[in-house]
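Respectively, the protein sequence lines represent chains C and U. Here numbering that gives the first Met the number 0 is used: the first residue of the first sequence is 0, the next is one more, and so on. Here numbering that gives the first Met the number 0 is used: the first residue of the second sequence is 0, the next is one more, and so on. Before any comments, here is the structure.
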Amino acid sequence: MRYKWVYLLISSLVLVPGLFSLFKWGFKPSIDFVGGTLMEITNVQCQDAGVAAKVRQIFSENNVDLGTLQSSGEKTCLLRLKTITSEQNEKIIEVLKKEYPPIQQTRFETVGPILGQELLQKTFIAAILAILGILSYVAYAFKNLKFGVSAILALFHDVLVMVGIFSLLGHFWKVEIDTLFVTAVLTTMSFSVHDTIVVFDRIRETLRKNPGGDFETMTNKAVTETMGRSLNNSLTIVFMLLALLLLGGQTTKFFILALLVGTISGTYSSPFVATPILVLWQKWEERKRKLRG
Amino acid sequence: MRPQRLLLLIIFLTVLSFFIDLPKNYPLKLTLGQFKIDQVISAPDFNFALGSFKISKEIYTHLGLDLQGGTHLILEADMKEIKDQDRNQALDSARSVIERRVNFYGLTEPVVQSAKVGESFRIIVELPGIKEKDRAIAEIGQTAKLEFREWISTQSADFSLNNTKETGITGKDLKRAAIEFDPNDGNPYVAIEFTDEGGKKFSDLTTRLVNQRMPIFLDEKIISDPTVQEPITGGKGRITGQFTTDEAKKLARQLNAGALPVPIKVLEERSVGATLGQESVQKSLRAGALGLGMVMVFMWLYYGSLGFLADVALMIYGLLSLAIFKIIPITLTLPGIAGFILSIGMAVDANILIFERMKEELRSGKQWQIAMELGFGRAWDSIRDANFTTLLTCFILFNPMGWGFLPSFGMVRGFALNLAVGVLLSLFTGIIVTRTLIRVFFKGSWKGFMSSQVQK
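Structure representation (structure tokens):
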């Protein structure tokens, strides 16, 4: 734990720009959260992959964010997109007609979000409850509140890293936050604590084996001993995710990226965020006790 | 249990899940030298009868909207009796009610959106391609007339609508109903919540009717006749009684059916295709297979034949999970599949923990047999704690008690269920299956295993 400050610096290099971006620019929410336009066009064969790709291309060339594209029946297609004005709509239909002359627009309506404010709030409450549950369990299992709090702080670290990076991606590359991102954050929360507990468990065991040993030395020992396992475990997950990211479909690319960021941060934070917090806290307490005693 | 017996159990489970995993009516054509296989294979259906107890279940993989599409429903809300400025609000709460109904019905990962076209207020519902579609539509689009009434004569044996009078409280005033469980005795009850205006009316009514019965009618049929025990002034109450869980669920569903701020009707119904192209799905599956291959090669290279046994356990994990996804059933969506692939990575974690532990014990000079058992024993503490917290998270997100302040949203619940199944199964395969395989099959030298150690 000699390099506590280095670890802190590495974390802040990622966290600070992310948080800055989050407060300054926020997110770019997808239509899952804000709603948009539902459009139906007929006389075009969207179940054909080539046609679907062409339609998508036309929308992006006209700077319209197309969310999903579904075929419905023989020659009808349902499109979900960001809210557009009727002028924009006319323009895009015109372009589409040039490509597929018989095309006709049969529906054009404004739709609300899939994941509305209320649900988002409730999911947030559930996440907070889960965090409190984890905090109590870890504090109970380790007979020490410090372990629980440090694990949760590492979890916040990982969530903030993800959220920050996606805020930056949103600002510079127009990456949107959608319902999949919510899933990725929830996954990372579980993974982060899972990983931290394995490290903490070793610290607990090392302390038990060497009663009276120096807390910092013991933690160092524990972290070194679990390093092999932590790295191997993350490597297996990173293999999976990299394969999916590089070779998988376009639609899930950013979901996988979010998971990748979460996995790497979750692995990093166990020895390099949760543990230093634990050590600093313990030392601070010891110093306080000495001053008093 | 003796390892040999456990092994038999594991083989049995694996073979069973292999059969369940088989696709429906998949034409299999193979030519292997002189052998020619040409037949349609199919997963078996469950049909058992045990006395009067019968289970009959058709097993098929439930695919989500993104992978196979489903049914697109347009519901129209009748806003005749709603003031102009309240219409958006009414549409929004109608949407929430519909969403609750869809989730109550147990379809995972539907899409429910409000929509406006000119003066028409609509709700769009998309249900993943399910077979019980018609029943779902009937329940989702149902508008029933719900009324809280009072008896005219309590002496009479007439329990029909004729013996009651209006109280002015109808489905419009009810915000929601949900099944909940008493934390003290675990008995189910139905929690009801009123709108602000409805809460006031309900407060007046219950104050007047203390110790009397207050019948509730749905489409002029009585569904419940609770006694008012005390004035309910907070807009929230509960209907208790000797309910079974199913009865309480039914009552909650009936109440919700009537708790619509506006009448709705099904305007249109049609099927829609998958939102993702076949290509994108195939690409992801291929990528997943490649990733899995890399993980397996890594385990084999790094941990030698023990790693190979862990790989076998991993394959068993895959087969078992797919079978469970089919049986429960869990709707598979592309993110779900990605999550599943990720959980494979996590499933290896238990093995890595155990193997690293075994190495340490061996290094400290223990016998192989002892080191192996100690490795499993000592790693258990951290595996238990780590997985318990994950299961706790799943429990809260899945919201099995249907608490109103937690989400009961298809996507979040689907995620939680997926993760929970993954964790429980990985505990089984990572520990029990791997240990049994090692106990039975691992006779070789562990020198190769030791030489793979990380040098400090």
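Just so you know, even glycine gets a beta-carbon here, dropped at the ideal spot from N, CA and C.
(message) Quick check on residue 10 (chain C): buried or exposed, where buried means 16 or more other Cβ atoms within 10 Å of its Cβ?
(response) Counting from 1 along the first sequence, the entry for residue 10 (chain C) is found at position 11. In this structure residue 10 (chain C) is buried. Its beta-carbon is surrounded by 16 or more other beta-carbon atoms within 10 angstroms.
(message) Per DSSP, what are the beta-bridge partners of residue 196 (chain C) in this structure?
(response) Working through the first sequence from its first residue, we reach residue 196 (chain C) at position 197. Residue 196 (chain C) pairs with nothing; no bridge assigned.
(message) Please identify, using Cβ separations under 9 Å, the residues of the stretch 98 to 119 of chain C that lie next to chain U, in order along the chain.
(response) 106, 107, 108, 109, 110, 111, 112, 113, 114, 115, 117, 118, 119
(request) List the residues of chain C that residue 333 (chain U) touches, going by C-beta distances under 8 Å, in chain order. (result) In the second sequence, residue 333 (chain U) corresponds to position 334, counting from 1. Ordered by position in chain C, the residues that pass the 8 Å Cβ test against residue 333 (chain U) are 248, 250, 251.
(message) Counting C-beta neighbours from all protein chains within 10 Å, is the total for residue 384 (chain U) 16 or more, i.e. buried, or is it exposed?
(response) On the second sequence, residue 384 (chain U) is found 385 positions in, with the first residue counted as 1. Buried, by the Cβ-count rule.
(message) I want to verify the contact list: residues of chain C whose CB lies under 8 Å from the CB of residue 301 (chain U), in sequence order.
(response) Here residue 301 (chain U) corresponds to residue number 302 of the second sequence, with the count starting at 1. In chain order: 231.
(request) Output yes or no for whether 8 Å exceeds the beta carbon distance between residue 41 (chain C) and residue 109 (chain C). (result) If you number the first sequence from 1, residue 41 (chain C) lands on position 42. If you number the first sequence from 1, residue 109 (chain C) lands on position 110. Contact flag unset, no.
(request) Identify the continuous alpha helix (DSSP H) that holds residue 33 (chain C) and give its terminal residues. (result) For the purposes of this step, residue 33 (chain C) is taken as residue 34 along the first sequence, with counting starting at 1. From DSSP, the alpha helix (DSSP H) with residue 33 (chain C) extends over 30 to 33.
(request) With DSSP collapsed to three states, give me the class of residue 213 (chain U). (result) Residue 213 (chain U) sits at position 214 when you count from the first residue of the second sequence. In the three-state scheme derived from DSSP, where H, G and I count as helix and E and B as strand, residue 213 (chain U) is classed as coil.
(message) I want to see whether chain U comes within less than 8 Å of residue 239 (chain C), judged by CB atoms only; does it?
(response) Position 240 of the first sequence, counted from the start, is the residue given in the question as residue 239 (chain C). Yes, contact with chain U.
(request) Counting only the same chain and skipping the five closest in sequence on each side, list residues whose C-beta sits under 7 Å from that of residue 328 (chain U). (result) Here residue 328 (chain U) refers to the residue found at position 329 when the second sequence is read from its first residue. Only 61 meet the Cβ criterion.
(message) Under 9 Å, CB to CB, which of the residues in the stretch 90 to 105 of chain U have a partner in chain C?
(response) 90, 91, 94, 95, 98
(request) For residue 426 (chain U), collect the residues of the same chain with a Cβ closer than 8 Å to its Cβ; drop the 5 residues on either side in sequence, then sort them by chain order. (result) Working through the second sequence from its first residue, we reach residue 426 (chain U) at position 427. Excluding residues within five positions, the ones whose Cβ falls inside 8 Å are 349, 382, 386.
(request) Kindly confirm or deny that the stretch 218 to 225 of chain U and the stretch 271 to 286 of chain U touch, where touching means at least three C-beta pairs closer than 8 Å. (result) no
(request) Give the interface partners of residue 186 (chain C) over in chain U, defined as CB-CB distance under 8 Å, in chain order. (result) Position 187 of the first sequence holds residue 186 (chain C). Going along chain U in sequence order, the residues near residue 186 (chain C) (Cβ under 8 Å) are 338, 341, 414, 418.
(message) DSSP three-state label for residue 69 (chain U), please.
(response) What you label residue 69 (chain U) is simply residue 70 of the second sequence in a count that begins at 1. Three-state DSSP puts residue 69 (chain U) in a strand.
(message) If you reduce the DSSP assignment to three classes, tell me which class residue 17 (chain U) lands in.
(response) Taking the first residue of the second sequence as position 1, residue 17 (chain U) is located at position 18. Of the three classes helix, strand and coil, the one that applies to residue 17 (chain U) here is helix, per DSSP.
(message) Quick check on residue 94 (chain C): does DSSP put it in helix, strand or coil?
(response) If you number the first sequence from 1, residue 94 (chain C) lands on position 95. Here residue 94 (chain C) sits in helix by DSSP.
(message) For a test of the three-state rule: what should DSSP assign to residue 455 (chain U), helix, strand or coil?
(response) Indexing the second sequence from 1 puts residue 455 (chain U) at position 456. The pLDDT assigned to residue 455 (chain U) is 37, lower than 50, so where the model puts this residue is not dependable, and the model offers no usable value.
(request) Kindly say whether residue 192 (chain C), judged by its beta-carbon, lies nearer than 8 Å to any beta-carbon of chain U. (result) Here residue 192 (chain C) refers to the residue found at position 193 when the first sequence is read from its first residue. So, interface residue.
(request) For the stretch 244 to 275 of chain C, list the alpha helix (DSSP H) runs that are entirely contained and at least 4 residues long, ordered along the chain. (result) 252 to 268
(request) Excluding the 5 residues preceding and the 5 following residue 218 (chain C) in the sequence, name in chain order all residues of the same chain whose CB lies nearer than 8 Å to its CB. (result) In the first sequence, counting from the first residue as 1, residue 218 (chain C) sits at position 219. Answer for residue 218 (chain C): 0, 202, 205, 274, 277, 278, listed in chain order.
(request) For residue 188 (chain U), name the three-state secondary structure that DSSP assigns. (result) Along the second sequence, one-based indexing puts residue 188 (chain U) at 189. Note: residue 188 (chain U) maps to strand in three-state DSSP.
(request) Sort out for me which residues DSSP pairs residue 69 (chain C) with in a bridge. (result) The residue you call residue 69 (chain C) lines up with position 70 of the first sequence. Answer by DSSP bridge pairing, in chain order: C:77.
(message) Which residue wins for smallest C-alpha separation from residue 256 (chain C), given the options C:128, C:181, C:79?
(response) On the first sequence, position 257 is the one that residue 256 (chain C) refers to. Closest by alpha carbon: C:181.
(request) Specify the secondary structure class of residue 239 (chain U) as computed by DSSP and reduced to three states. (result) Mapped onto the second sequence, residue 239 (chain U) falls at position 240. Coil at residue 239 (chain U), not helix or strand.
(message) Can you tell me which residues form a DSSP beta bridge with residue 176 (chain C)?
(response) Translated into positions along the first sequence, residue 176 (chain C) becomes position 177. C:28.
(request) Give the DSSP bridge partners of residue 506 (chain U), in chain order. (result) Coverage of chain U is limited to positions 0 through 455, which leaves residue 506 (chain U) absent and any answer about it impossible.
(request) Count the other CB atoms, across all protein chains shown, that sit within 10 Å of the CB of residue 134 (chain U); report buried if there are 16 or more and exposed otherwise. (result) Sequence index remark: in the second sequence, residue 134 (chain U) carries index 135 (1-based). With fewer than 16 Cβ atoms within 10 Å of its Cβ, residue 134 (chain U) is classed as exposed.
(request) Identify which residue in C:178, C:97, C:265 has its Cα closest to the Cα of residue 232 (chain C). (result) Along the first sequence, one-based indexing puts residue 232 (chain C) at 233. Minimum Cα distance to residue 232 (chain C) is reached at C:265.
(message) Along the chain, where does the alpha helix (DSSP H) containing residue 370 (chain U) start, and where does it finish?
(response) On the second sequence, residue 370 (chain U) is found 371 positions in, with the first residue counted as 1. Segment 367 to 397, the alpha helix (DSSP H) holding residue 370 (chain U).
(request) Please decide whether residue 297 (chain U) counts as near chain C, where near means a Cβ-Cβ distance under 8 Å. (result) Counting from 1 along the second sequence, the entry for residue 297 (chain U) is found at position 298. Interface residue, yes.
(message) Strictly below 7 Å CB to CB, what residues from chain C border residue 387 (chain U)?
(response) Locating residue 387 (chain U) in the second sequence gives position 388, where the first residue counts as 1. Against residue 387 (chain U), the close residues of chain C are 136, in the order they occur along the chain (beta-carbon pairs closer than 7 Å).
(message) With DSSP as the reference, identify every bridge partner of residue 38 (chain C), one or two as the case may be.
(response) The residue given as residue 38 (chain C) occupies position 39 in the first sequence. In DSSP, residue 38 (chain C) forms a bridge with C:78, C:107.
(message) According to DSSP, residue 168 (chain U) sits in a beta bridge with which residue or residues?
(response) One-based indexing of the second sequence puts residue 168 (chain U) at position 169. Looking at the DSSP assignment, residue 168 (chain U) forms a beta bridge with U:147.
(message) So, with DSSP's three-state summary, where would you put residue 125 (chain C)?
(response) Position 126 of the first sequence holds residue 125 (chain C). Helix at residue 125 (chain C).
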